[in-house]
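Accompanying notes for the structure given below.
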Amino acid sequence: MSLDLNHKSILVTGGTGSFGKKFVQAVFEKYPQVKRLVVYSRDELKQYEMSQVFPHEKYPAIRYFIGDVRDGERLKRACEGIDVLVHAAALKQVPAAEYNPMECIKTNIFGAENVINAALDCGVKDVVALSTDKAAAPINLYGATKLCSDKLFVAANNMKGSRDLRFSVVRYGNVIGSRGSVVPFFLQRRHTGVLPITHPDMTRFNISLEQGVDLVLYALEHAWGGEIFVPKIPSYKITEVAKAIGPECKQEIVGIRPGEKLHEAMITETDALSTVELEKYYVILPFTPRWDVEEFIRNFRGKRVPDGFYYDSANNEEWLTAEQIREEIRLHVDADFQA
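In this note's numbering, the protein residues as written are 76 to 414.
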């Protein structure tokens, strides 16, 4: 049975972020009869700006709830009558998390616990939490908090009792053009004639917002509970991004920042022990599933990954060239950044 969100009530935390706005757009396009779509976030200005794009008059199903995932009671109130919850709220800036560790912990870990409790208490049916490649073998606090969050959502399936409820996670790499990412930074700096490069060999995964939304919708449709869904996506070298945006610019090596990796991983060798490969995705299965793993593999026509498998941005079969990155920017990055 294909996913049908018509006549369903949906809540997205961090709904005014890059992902949230694209997710809201996709839901209204694919499911015009959605019953209610709640945008939950803490920034009233961003909610006002989003309401100019998605006004209640044109989108009567939309609701704007001001609230923080740190506030469990407010979150429970927002979750009343909700069928589907997508958890996208997080503190994501690596340097800020290193300097303000407890603030990152309060939002990314305690906030995750609040989301889980709200879902358990309010009759939510499906929960998908957004993760990051930095959660695999983390070396910075942001990645460590998201690993904790992933563990909480996977384990939540063990405490749901008789509830008809599934918790799952999607893990993916850098979203091209998202706020605070390297592409808009380089676009804003190219007029200086110099683009700062942390390390000439640095690589990253690349995914578009549309692909991120598709992955969440796939998880909502297919999750049995406890999976971490990982997309098969290309990598790029940071020097190719600089070449795509400012081919005439000098590339100045400035050194790796605190908490930054040379390459990002999404599946470690240990993760691979319980990882299944599908056509478009990998699925890290829970080590203590509440369902039959072999039945899962047969149902999705998957196969176990080989011994010693790992998936990181330096060991990838697909790579983006400068020309391809330039086309990705043209297609997926806001015109305001490109001006």
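Heads up, the beta-carbon is just placed ideally off N, CA and C, and yes, glycines get one too.
Within its chain, find whatever has a CB closer than 8 Å to the CB of residue i; leave out the 5 residues flanking it on each side and keep chain order.
i           : result
residue 274 : 313, 328, 330, 331 and 337
residue 356 : 290, 293, 304, 305, 306 and 307
residue 134 : 103 and 112
residue 383 : 344 and 347
residue 97  : 284, 285, 287 and 288
residue 146 : 189
residue 340 : 208, 211, 212, 385, 386, 387 and 388
residue 132 : none
residue 372 : 351, 378 and 379
In terms of residues, what are the limits of the beta strand (DSSP E) holding residue i?
i           : result
residue 310 : 310–312
residue 326 : 325–328
residue 278 : 278–282
residue 373 : Not the beta strand (DSSP E): residue 373 falls in the alpha helix (DSSP H), residues 368–374.
residue 204 : 201–205
residue 180 : From DSSP, residue 180 is part of no beta strand (DSSP E) but of the alpha helix (DSSP H) over 176–180.
residue 45  : This structure gives no information on residue 45, because the portion of the chain shown stretches from 76 to 414.
residue 160 : 159–162
residue 271 : 269–272
residue 241 : 241–245
Label residue i either buried or exposed according to how many other C-beta atoms from any shown protein chain fall within 10 Å of its C-beta, with 16 as the threshold for buried.
i           : result
residue 299 : buried
residue 243 : buried
residue 86  : buried
residue 234 : exposed
residue 268 : exposed
residue 107 : exposed
residue 162 : buried
residue 276 : exposed
residue 125 : buried
residue 206 : buried
residue 354 : exposed
residue 362 : exposed
residue 259 : buried
According to DSSP, which residues form a beta bridge with residue i?
i           : result
residue 116 : 141
residue 352 : 357 and 378
residue 340 : 387
residue 400 : DSSP, once it has assigned bridges, lists no residue as partnering residue 400.
residue 111 : 84
residue 249 : 281
residue 299 : DSSP output for residue 299 lists no bridge partner at all.
In chain order, what residues of the same chain lie with their CB nearer than 6 Å to the CB of residue i, ignoring the 5 residues before and after it?
i           : result
residue 156 : 84
residue 271 : 327 and 329
residue 121 : 91
Could you give the residue range of the alpha helix (DSSP H) that holds residue i?
i           : result
residue 101 : 93–105
residue 306 : Careful: residue 306 lies outside any alpha helix (DSSP H), inside the beta strand (DSSP E) at 303–306.
residue 234 : Premise fails: residue 234 is in no alpha helix (DSSP H) and is neither H nor E.
residue 191 : 186–197
residue 227 : 216–230
residue 258 : 257–264
residue 86  : Run containing residue 86: none in the alpha helix (DSSP H); it sits in the beta strand (DSSP E), 84–88.
residue 347 : Note, residue 347: premise wrong, no alpha helix (DSSP H); not H, not E.
residue 151 : 147–153
Between residue i and residue j, which are expected to be in contact by the criterion C-beta below 8 Å, what is the C-beta distance as a whole number of angstroms?
i           : j           : result
residue 232 : residue 246 : The Cβ separation is near 17 Å, so there is no contact.
residue 394 : residue 310 : 6 Å
residue 168 : residue 255 : 6 Å
residue 159 : residue 80  : 7 Å
residue 42  : residue 117 : Given a span of 76 to 414 for the chain in the structure shown, any question on residue 42 remains unanswerable.
When you compare the CB of residue i with every CB in chain B, is at least one pair closer than 8 Å?
i           : result
residue 217 : The question asks about chain B, but that chain is absent: this structure has only one protein chain.
Under 7 Å Cβ to Cβ from residue i, same chain only, skipping five residues before and after it: list those, please.
i           : result
residue 219 : 213
residue 296 : 77 and 78
residue 179 : 166, 172, 216, 217 and 220
residue 364 : 301
residue 93  : 250, 253, 254 and 284
residue 82  : 108 and 110
residue 144 : 88, 150, 164, 182, 186, 189 and 190
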